[in-house]
Amino acid sequence: MFIRGNQPESVIWHHFRGAGDGFVFGHRDGWFEAQLLPNADRTVELFLATLEHLPPAVRLSVDDWRTGQQWDGADLSTLDVRDAIARAKHPLAAHAGTEIAVVADDEQVTLTANLELYVYAATDRWLYLLQGKGIRRVSELRRRSWRLSREEFRPVPAAEAAVQLIVERLRLVARGA
658 MFIRGNQPES VIWHHFRGAG DGFVFGHRDG WFEAQLLPNA DRTVELFLAT LEHLPPAVRL
718 SVDDWRTGQQ WDGADLSTLD VRDAIARAKH PLAAHAGTEI AVVADDEQVT LTANLELYVY
778 AATDRWLYLL QGKGIRRVSE LRRRSWRLSR EEFRPVPAAE AAVQLIVERL RLVARGA
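Following our numbering, the numbering of the sequence shown begins with 658 at its first residue and continues without gaps.
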């Protein structure tokens, strides 16, 4: 069944989202912060969608909690970063354990290893961008029923291959190398 009509995409999306989709937004230490905790697949999709609102060139930091390896890249094309992460989307969502931070001059979008999404910015523009995507601002989010520490993530070949795909595709440099 197809939904047809003049409804904007964000209105149609409301029919299919989970009851927990929402974000909290605040201001702390001179920075605006948004936190989102949708389901795993939706978190990675929203992470990719937020990258569309960053400048053309960004810095990237990848931290694989399974292996303890960390990589960085600077002056990367935002489109290339988005494409590389999109290719690894399913293993990232299915297995978690990888923290990815995309940084512009005064903004940062982070996908945590526990599949939480944070946006930090010098201005409040993300409040309006997230609301424009049809996500409700709430006063409090329901916490995840699971939350693993760095040591609890066990080796998963598919997850490690996904991280390597990102690293190789963007030619990231090992931190400390």
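Where a beta carbon is used, it is the ideal one built from N, C-alpha and C, also for glycine.
Item	Value
Can you look up TRP783 in the DSSP assignment and give me helix, strand or coil?	helix
Going by C-alpha distance, which of ALA779, VAL830 and GLU764 is nearest PRO712?	GLU764
Compare the C-alpha of VAL759 against each of ARG699, HIS752, GLU709 and ARG794 and name the closest.	GLU709
Going by CA-CA distance only, name the one from VAL715, VAL795 and SER806 that's closest to GLY730.	VAL715
Using the Cβ count rule (16 or more neighbours within 10 Å means buried), how would you classify VAL830?	exposed
How many angstroms separate the CA atom of ILE823 from the CA atom of ARG723?	15 Å
If you reduce the DSSP assignment to three classes, tell me which class LEU694 lands in.	coil
Please report the Cβ distance between ALA750 and LEU772, rounded to the nearest whole angstrom; I am assuming they are in contact, meaning their Cβ atoms lie under 8 Å.	7 Å
Tell me whether HIS752 is buried or exposed, calling it buried when 16 or more other Cβ atoms sit within 10 Å of its Cβ.	buried
Examine the Cβ distances between the segment 730-739 and the segment 690-698 and report whether three or more of them are shorter than 8 Å.	no
Assign ALA721 to buried or exposed, taking buried as 16 or more other Cβ atoms, counted over all protein chains shown, within 10 Å of its Cβ.	Looking at the sequence itself, residue 721 is Asp, so the reference to Ala does not match. So ASP721 ends up on the buried side.
Measure the alpha-carbon distance for GLN821 versus ARG807 and round it to whole angstroms.	19 Å
In whole angstroms, give me the CA-to-CA distance for ARG828 and ASP737.	11 Å
By the DSSP assignment, the beta strand (DSSP E) with GLN765 in it spans what residues?	764-768
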